[in-house]
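What follows is one structure encoded as structure tokens, with my remarks underneath.
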Amino acid sequence: MKKLFALTSTIALCTATMASANDGLAADIANPDQWAIQTGDYKNQRYSTLDQINKDNVGDLQVAWTFSTGVLRGHEGSPLVIGDMMYVHTPFPNIVYALDLANEGKIKWKYEPKQDPDVIPVMCCDTVNRGVAYAEGKIFLHQADTTVVALNAESGEVEWSAVNGDPAKGETNTATVLPVKDKIIVGISGGEFGVQGHVTAYNIETGEREWRAYSVGTDDQLLVDPEKTTHLGKPIGKDSSIKTWEGDQWKIGGATTWGWYSYDAELDLIYYGSANPSTWNPAQRPGDNRWSMTIMARDPDDGMAKWFYQMTPHDEWDFDGINEMILTEQDVDGESRKLLTHFDRNGLAYTLDRATGELLVAEPFDPAVNWTTGVDMDPESDTYGRPAVVAQYSTEQNGEDVNSTGICPAALGSKDQQPAAYSPETQLFYVPTNHVCMDYEPFRVSYTAGQPYVGATLSMYPAPDSHGGMGNFIAWDNIAGEIKWSLPEQFSVWSGALATAGDIVFYGTLEGYLKAVDAQTGEELYKFRTPSGIIGNVMTYTNGGKQYIGILSGVGGWAGIGLAAGLTNPNDGLGAVGGYAALSDYTALGGQLTVFALPD
Amino acid sequence: MKFLGSLLTASLFAGLATFVSAQDNITAAYSEDGRYFTEDDIPTYNIGEDGAVDWLTYSGFRRYHSECHVCHGPEGEGSSYAPALKTSAIDMDYYDFYDVVVNGRKKISASENSVMPAFGDNPNVMCYLNDIYVYLKGRGTDAVPRGRPPKKEGKSDVIREDEEACLG
Chain A
32 MKKLFALTST
42 IALCTATMAS
52 ANDGLAADIA
62 NPDQWAIQTG
72 DYKNQRYSTL
82 DQINKDNVGD
92 LQVAWTFSTG
102 VLRGHEGSPL
112 VIGDMMYVHT
122 PFPNIVYALD
132 LANEGKIKWK
142 YEPKQDPDVI
152 PVMCCDTVNR
162 GVAYAEGKIF
172 LHQADTTVVA
182 LNAESGEVEW
192 SAVNGDPAKG
202 ETNTATVLPV
212 KDKIIVGISG
222 GEFGVQGHVT
232 AYNIETGERE
242 WRAYSVGTDD
252 QLLVDPEKTT
262 HLGKPIGKDS
272 SIKTWEGDQW
282 KIGGATTWGW
292 YSYDAELDLI
302 YYGSANPSTW
312 NPAQRPGDNR
322 WSMTIMARDP
332 DDGMAKWFYQ
342 MTPHDEWDFD
352 GINEMILTEQ
362 DVDGESRKLL
372 THFDRNGLAY
382 TLDRATGELL
392 VAEPFDPAVN
402 WTTGVDMDPE
412 SDTYGRPAVV
422 AQYSTEQNGE
432 DVNSTGICPA
442 ALGSKDQQPA
452 AYSPETQLFY
462 VPTNHVCMDY
472 EPFRVSYTAG
482 QPYVGATLSM
492 YPAPDSHGGM
502 GNFIAWDNIA
512 GEIKWSLPEQ
522 FSVWSGALAT
532 AGDIVFYGTL
542 EGYLKAVDAQ
552 TGEELYKFRT
562 PSGIIGNVMT
572 YTNGGKQYIG
582 ILSGVGGWAG
592 IGLAAGLTNP
602 NDGLGAVGGY
612 AALSDYTALG
622 GQLTVFALPD
Chain B
205 MKFLGSLLTA
215 SLFAGLATFV
225 SAQDNITAAY
235 SEDGRYFTED
245 DIPTYNIGED
255 GAVDWLTYSG
265 FRRYHSECHV
275 CHGPEGEGSS
285 YAPALKTSAI
295 DMDYYDFYDV
305 VVNGRKKISA
315 SENSVMPAFG
325 DNPNVMCYLN
335 DIYVYLKGRG
345 TDAVPRGRPP
355 KKEGKSDVIR
365 EDEEACLG
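Residue numbers (this note's numbering), protein chains in the order written: chain A, 32 to 631; chain B, 205 to 372.
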């Protein structure tokens, strides 16, 4: 370690105080001059204490330098900065560039894996990748084909690699990994191909597989203790998953794990959500389909589950539960609590006690949400914790081959993976959202390994009777369960937000704007049009004592599918003139990093 | 048909026979058990006088949005990384279109990473390939507008039986 970082003084200081693997990354994260983890910190707050760029001067922001990634597909995630090195990743073919910030961003090394292009079409919704992770002098890349590689951060040499899944069965990857203690935690994609979702831990030094916890399956597959693992405070009991499925459907039951992961070192628990059950036709999988659509708390050492909370039992709309879990310490009724806040695809924002899994708040964070009248908050009730489903919008109750119309939100959710930020100063969450509704018609499909397993026809459109746009950027109070302010956007906001001690919040838009707004009021303070639509996440760091803001452009992902052509106009049948602009009128493909700074 | 006949004759005189034959790839010349074909026996869509689309076009709308939509975008319009199939269904020969769906296709280069998977063993695609094809042709000529076709012909017994036999 010492030798590896001899060149970078900042890191040398950090490593000097290192006690264990866990502490090493924690110290790197705690140093605001770096951006050491995709999520900003273990708590997924995406908050920086840097305040050189602040609400009084952000209007003067300028482009400092740019870097083309050489890849055209959708660019999610963000670069990392460790000491004087910046690590930039790309979508498939998953190139990693190490840029030397002390040497005008010169490419110190480049890693390009050899991957079978057959993995491309098995990836639902573009070949995005949400970035590399760093720990112990290694850069961790989880490739599209599910190969996990550990690269020497100094040289780019492969230190180890492991294969996490089988693309021939539809198992692929889009997510980053989470280094915790002596392990890295790794998820999987492929819910639209009928895979059996799982989370796996690999040894950080050797790449050896340590444990795997399935989201659906038998108790030994789930890594649960039927007596001790709880759901809303009660033991989950024996066979908690398989008895909520008909027959063997759980074996192709989805519940993948392609989102973000957070970690509480004090409680020693990792948090993440599981995705939709497959197929999208609910009639083919009677039951609650546990533990799809579930917030999970697990021990990183052995994977054992402490608690679950299933948000959307028996999904009927493709409301994956994979969005990030943001960990905060806040006062609730005068008492300091360890909270977990989660903005779900289903349009509800949940606040839970993250030690116990107790549900505290569940309220819609988009006024358009209509599929539920709300969650039962009475612990004595038989339906405690369950959302009350509105019959009109129930694709299960309406049945196969029936087109259920006007469901809000659409399958891509009131929010997808694009992560929100939290400012401990304002105690507000800054949330990029989709303001899109849908028609959904489920029908019977048969399963073929490695082939799409969807079973529904969808059409999506901007939320009716609203501002006509497809997105909002909102500030959310997670204790009151209220929107504080909401900025309408023409397109879904598909970029991860960043909050800073400069009282500002940054986010990107699908037209390609990087925007800075006042953290208190939402007032727009700065915007700049980057070369392509933004689906990446805003990050910040310093170099040579100067604060920089970085963002990847490169339109694509889910947004590139639906929006490139423009969504269906819901009023077409009524003879209204279609006024919904296509994203292709605003932006074209292109992967680029744009870095901003104040003028000297 | 009468109109088509006279057009063909006129064109022959002008020496444009092949051109017209290509145009003919769209127009329905006859129907069989609720399915429509061109003069060259290529499946095609049909829009009735009341604006109702044939069953296969309606079915193709549904199947397209289940199997193809996640890459090729809504209603055959294309996405940021996959071509607009409403255009492909017009520009490509039926048998070439069929071949690409069954066997897949790769375009890998420095600037492009485009891979169409092979759907040959996927009954959700193969049992409905003609449905998807005629729907996309209708989209390509704009005979079928965006959105769900509001009116459709009924599903014939033969189509129903063939579907059941195909899905197995």
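Built from N, CA and C at the ideal position, the CB exists for glycine as well. In this text, all values refer to a predicted model and were calculated from it rather than measured experimentally.
Check                                                                                                                                                                                    : Outcome
Just mark residue 364 of chain B as buried or exposed, buried being the case when its beta carbon has 16 or more other beta carbons within 10 Å.                                         : exposed
Assuming residue 393 of chain A contacts residue 379 of chain A (C-beta within less than 8 Å), just tell me the rounded distance between them.                                           : 5 Å
Compute the beta-carbon to beta-carbon distance between residue 435 of chain A and residue 381 of chain A, rounded to the nearest angstrom, for a pair I have assumed lies under 8 Å.    : With 8 Å as the limit, residue 435 of chain A and residue 381 of chain A do not qualify as a contact, their Cβ atoms being about 24 Å apart.
8 Å is my cut-off, CB to CB: does residue 310 of chain B come that close to chain A?                                                                                                     : yes
Mind pulling the chain A residues with CB within less than 9 Å of residue 264 of chain B?                                                                                                : Chain A residues near residue 264 of chain B: none, gap ~11 Å exceeds 9 Å.
Short of 7 Å in beta carbon distance, which residues of its chain neighbour residue 570 of chain A, apart from the five on each side in sequence? Order them along the chain.            : 66, 109, 110, 529, 581
Quick check on residue 504 of chain A: does DSSP put it in helix, strand or coil?                                                                                                        : strand
Grouping DSSP H, G and I as helix and E and B as strand, with all else coil, what is residue 292 of chain A?                                                                             : coil
Between the stretch 239 to 267 of chain A and chain B, which residues of the former have a C-beta closer than 9 Å to a C-beta of the latter?                                             : none
So if DSSP puts residue 304 of chain A in a beta bridge, which residue, or which two residues, is it bridged to?                                                                         : A/326
Using a Cβ cut-off of 7 Å, pull out every chain A residue sitting near residue 285 of chain B, in sequence order please.                                                                 : 104, 157, 587, 591
Across which residues does DSSP place residue 262 of chain A in a beta bridge pair?                                                                                                      : A/265, A/339
Name the residue from A/239, A/168, A/330 whose alpha carbon lies nearest to the alpha carbon of residue 182 of chain A.                                                                 : A/168
Please decide whether residue 271 of chain B counts as near chain A, where near means a Cβ-Cβ distance under 8 Å.                                                                        : yes
Mind checking which residues open and close the alpha helix (DSSP H) that includes residue 298 of chain B?                                                                               : 298 to 307
Using a beta-carbon distance below 8 Å, is residue 353 of chain B in contact with chain A?                                                                                               : no
Quick check on residue 320 of chain B - is its C-beta less than 8 Å from some C-beta in chain A?                                                                                         : yes
Would you check if the distance between the CB atom of residue 331 of chain B and the CB atom of residue 357 of chain B is smaller than 8 Å?                                             : no
Which residues in the same chain as residue 308 of chain A place their Cβ atom closer than 7 Å to its Cβ, once the five residues preceding and following it in sequence are excluded?    : 284, 285, 286, 316, 320, 323, 346
So the alpha helix (DSSP H) residue 330 of chain B belongs to, where does it begin and stop?                                                                                             : 327 to 330
Any idea if residue 63 of chain A is buried or exposed, counting beta-carbon neighbours within 10 angstroms, 16 or more meaning buried?                                                  : buried
Does any residue of chain B bring its CB to less than 8 Å from the CB of residue 488 of chain A?                                                                                         : yes
At the level of alpha carbons, what is the spacing between residue 199 of chain A and residue 484 of chain A?                                                                            : 14 Å
Of all Cβ atoms in chain A, is any one closer than 8 Å to the Cβ of residue 230 of chain B?                                                                                              : no
Of the residues B/349, B/264, B/311, B/370, which one's Cα is nearest the Cα of residue 286 of chain B?                                                                                  : B/311
List, in chain order, every chain B residue whose beta-carbon is nearer than 8 Å to that of residue 542 of chain A.                                                                      : By Cβ distance, chain B contributes nothing, its closest Cβ being about 14 Å from residue 542 of chain A, past 8 Å.
Can you tell me whether residue 370 of chain B is helix, strand or coil according to DSSP?                                                                                               : helix
Determine, using beta-carbon pairs with one atom in the stretch 224 to 236 of chain A and one in the stretch 353 to 363 of chain A, whether at least three such pairs fall under 8 Å.    : no
Please classify residue 614 of chain A: does DSSP put it in a helix, a strand, or coil?                                                                                                  : helix
How about residue 466 of chain A and residue 493 of chain A: do their beta carbons lie closer than 8 Å?                                                                                  : yes
Report, in whole angstroms, the separation of the C-beta atoms of residue 502 of chain A and residue 524 of chain A, which I expect to be a contact under 8 Å.                           : 4 Å
Using the C-alpha atoms, what's the distance from residue 202 of chain A back to residue 624 of chain A?                                                                                 : 29 Å
For residue 267 of chain A, count neighbouring C-beta atoms within 10 Å of its own C-beta (all shown protein chains included) and say buried if the count is 16 or more, exposed if not. : buried
From the DSSP output, in three-state form, read off residue 223 of chain A for me.                                                                                                       : helix
What residue does the beta strand (DSSP E) around residue 438 of chain A start on, and which one ends it?                                                                                : 435 to 438
Buried or exposed for residue 475 of chain A, please, with buried defined as at least 16 other CB atoms from any protein chain shown within 10 angstroms of its CB.                      : exposed
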